[in-house]
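Below is one structure; the comments refer to it alone.
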Amino acid sequence: MSDKRKLPGNIIALAVILVAMLLLAGFAIGAVVLEGSRRAQETDKAIGAFYMANSGIEMQLYEFRKNRRSLVDVASAVNLYPGGSGWISTTGYETSTQKVIDFLPEEELAFVDLFDPDAIDVPAGVASVDIVWAGDGVGCEPDLEIGYTEWSVSSAIVWPTGGEYLIAIAPYASHLSYSLGPLNTLKAYRLRIRPFKCGARDIRVVLKDSSGTVLPYPGEIILGSEGTYQKATQRLKVSLPRQDILSGIFSYIVFSQEQLCKRVGGAGVCP
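In terms of our numbering, the sequence shown opens at residue 1111 and continues consecutively.
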C-alpha cells in the first residue's frame, strides 16, 4: 500500500522535470534563434558597408581615369547618405613601397615605371632597384631579362631615341638579392622584365634612394575607401597601374629600335 501512495508524487516530480527540460530547451532554442537573427543583421549591415566602400572605389576610379582628376583631388572625396551611411576616401593614407607581380609567364613582358606619370618632369630620386623573384613552383628556375630605358627630367624632358636602352640578364642564382644600379637620380626610368626558361612568381621590385632608404613606388596608384552602413564599417583598398598600356600588342613600342611611321598620305619608309 505504501508504494501505491508514493506513485502520484513520483508522477508530479517527473512532470516538473519534463516541464523544466522543455523550458530549458525552449530557452536554448530561443537563444539560438536570437543569436542567428543578430548575426544575420550584422551580416546585412556589413554587406551594406562593403557596397558603400565599393561605391567609393568606383567613384574615385571614374574621376581618376575618365575625368583625369589627380590623386590629391580624389583623396578628399566623400559621399554621405541619410541614415548614417556613406563612404569617405582613404586614398591619401595609402602608399606602396614595392611593385609586386604575382606571376609572369615565360617570355612575357611586365613594365615597372620608376617615375610619377602625374609629374613626369620631376625626378623620382631612384638610385638603385632591388629585384627578387621565385620559380614557377614546379622546380624550374627562371632567369630574368631586365631592360630599362632612361630620359632626363632635370630641365626640359628629353625622351630616349632608338637604341637608348640597356639590358641586363639576372640569373636565377641572384633571385634573392639582385640589384640594378647605380642609377642617375636626375633621370626617369622604365623597366621591362621578362622571364626565360619558365614563368616567374612573386616578383618584387623595391626602389631606393642614394642613402639606401626605400622609396614609395610611384608607378602605381592605390585607391582606398571606407564605407559605413548604420554601425558597420568596411574598408577597401585597390592598386592599379597609373598609365598602363591598354593592349599588349603595343608593349614593344617603348623599347623598339625602329621608328614608327605615321605619315599621312603615304606609308613612308621605315629602316
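From the three backbone atoms N, C-alpha and C, an ideal C-beta is built for every residue, glycine too. In this text, all values refer to a predicted model and were calculated from it rather than measured experimentally.
Neighbourhood of ALA1310 by C-beta, 6 Å cutoff - its chain only, sequence neighbours within 5 removed
Translated into the one-based positions of the sequence shown, residue 1310 becomes position 200. Short of 6 Å from the beta carbon of ALA1310, and not among the five residues preceding or following it, lie these beta carbons of its own chain, in chain order: LEU1214, TRP1243, PRO1252.
Give me the Cβ distance between GLU1217 and ARG1304, rounded to the nearest whole Å; I'm assuming they're in contact under 8 Å.
Position 107 of the sequence shown, counting from 1, holds the residue named residue 1217. Position 194 of the sequence shown, counting from 1, holds the residue named residue 1304. That pair is a contact at about 6 Å.
Just reading off the alpha helix (DSSP H) that ASP1312 is part of, what are its end residues?
Residue mapping note: residue 1312 aligns to position 202 of the sequence shown, counting from 1. Here ASP1312 belongs to no alpha helix (DSSP H); instead the beta strand (DSSP E) covers 1310 to 1318.
So, at 6 Å on beta carbons, what are the nonlocal neighbours of GLU1260 in its own chain, with the 5 sequence-adjacent residues on each side left out?
Translated into the one-based positions of the sequence shown, residue 1260 becomes position 150. Excluding residues within five positions, the ones whose Cβ falls inside 6 Å are LYS1297, TYR1299.
Is ARG1175 buried or exposed, if buried means 16 or more other CB atoms sit within 10 Å of its CB?
Residue 1175 sits at position 65 when you count from the first residue of the sequence shown. It is exposed - the Cβ of ARG1175 has fewer than 16 other Cβ atoms within 10 Å.
For the stretch 1198 to 1207 against the stretch 1329 to 1340, are there 3 or more C-beta pairs whose distance is under 8 Å?
Touching, yes, given that three or more Cβ pairs across the two stretches are closer than 8 Å.
First and last residue of the beta strand (DSSP E) that includes LEU1333?
Here residue 1333 refers to the residue found at position 223 of the sequence shown. Counting along the chain, the unbroken beta strand (DSSP E) around LEU1333 starts and ends at 1330 to 1339.
Close-in-space but distant-in-sequence residues of the same chain around ASP1226 (CB under 7 Å, 5 per side omitted)
Locating residue 1226 in the sequence shown gives position 116, where the first residue counts as 1. Excluding sequence neighbours, ASP1226 sits near VAL1232, ALA1234, PRO1328.
To the nearest angstrom, report how far apart LEU1286 and ILE1241 are at their CA atoms.
Indexing the sequence shown from 1 puts residue 1286 at position 176. Indexing the sequence shown from 1 puts residue 1241 at position 131. When only Cα atoms are considered, LEU1286 and ILE1241 end up about 8 Å apart.
I need the straight-line Cα distance from VAL1188 to LYS1341, nearest angstrom please.
For the purposes of this step, residue 1188 is taken as the residue at position 78 of the sequence shown. For the purposes of this step, residue 1341 is taken as the residue at position 231 of the sequence shown. Taking the straight line joining both Cα atoms gives about 18 Å.
If we require 4 or more residues per run, which alpha helix (DSSP H) segments fall completely within the stretch 1161 to 1198?
With a minimum length of 4 residues, the continuous alpha helix (DSSP H) runs that stay inside the stretch 1161 to 1198 are 1181 to 1184.
How many angstroms separate the CA atom of LEU1290 from the CA atom of GLY1247?
Residue mapping note: residue 1290 aligns to position 180 of the sequence shown, counting from 1. Residue mapping note: residue 1247 aligns to position 137 of the sequence shown, counting from 1. Each residue's alpha carbon lies about 25 Å from the other.
Assigned exposure category for VAL1315 - 16 Cβ within 10 Å defines buried:
Against the sequence shown, residue 1315 aligns to sequence position 205. Burial call: buried.
Candidates GLU1168, ASP1154, GLY1158, LEU1124: closest to LEU1350 by CA position
Residue mapping note: residue 1350 aligns to position 240 of the sequence shown, counting from 1. Nearest C-alpha to LEU1350: GLU1168.
How about VAL1236 and LEU1224: are their beta carbons less than 8 Å apart?
For this step, residue 1236 is matched to residue 126 along the sequence shown. For this step, residue 1224 is matched to residue 114 along the sequence shown. Yes, the pair counts as a contact, with Cβ atoms nearer than the cut-off.
Assumed close pair LYS1384, SER1238 - CB separation to whole angstroms, cut-off 8 Å
In the structure as shown, the chain starts at 1111 and stops at 1381, and residue 1384 therefore has no counterpart that could be examined.
What's the gap between the Cα of SER1165 and the Cα of LEU1293?
To locate residue 1165, count along the sequence shown from 1; it is residue 55. To locate residue 1293, count along the sequence shown from 1; it is residue 183. In a straight line, the C-alpha of SER1165 is about 41 Å away from that of LEU1293.
Near GLU1145, which residues of its chain fall below 8 Å by C-beta distance, leaving aside the five closest residues on each side in sequence?
Sequence index remark: in the sequence shown, residue 1145 carries index 35 (1-based). Cβ neighbours of GLU1145 within its own chain (closer than 8 Å, five residues either side excluded): none.
Are there 16 or more other CB atoms within 10 angstroms of the CB of ARG1302, so buried, or fewer, so exposed?
Taking the sequence shown and counting its residues from 1, one reaches residue 1302 at position 192. That one is buried.
Are the CB atoms of ARG1345 and ALA1220 nearer to each other than 8 Å?
Along the sequence shown, read from residue 1 onward, the residue named residue 1345 stands at position 235. Along the sequence shown, read from residue 1 onward, the residue named residue 1220 stands at position 110. Against a cut-off of 8 Å, the Cβ pair of ALA1220 and ARG1345 comes out as no contact.
By DSSP's criteria, GLN1344 is part of a beta bridge. Which residues make up the other side?
Residue mapping note: residue 1344 aligns to position 234 of the sequence shown, counting from 1. DSSP lists GLY1337 as partners of GLN1344.
Just list the residues that DSSP pairs LYS1155 with in beta bridges.
Residue 1155 sits at position 45 when you count from the first residue of the sequence shown. Its beta-bridge partners do not exist; DSSP assigns none.
In the DSSP assignment, what are the bridge partners of GLY1257?
Counting from one through the sequence shown, the residue named residue 1257 turns up at place 147. Here GLY1257 is bridged, per DSSP, to ILE1277, ARG1302.
ASP1240 bridges to which residues according to DSSP?
Numbered from 1 along the sequence shown, position 130 holds the residue referred to as residue 1240. For ASP1240, which the question treats as bridged, DSSP gives the partners SER1289, VAL1316.
Leaving aside the five residues before and after ALA1185 along the sequence, list all residues of the same chain whose C-beta is less than 6 Å from its C-beta, in chain order.
Working through the sequence shown from its first residue, we reach residue 1185 at position 75. Excluding five sequence positions before and after ALA1185, the CB atoms of its chain that fall closer than 6 Å to its own CB belong to SER1199, THR1201, GLY1202, given in chain order.
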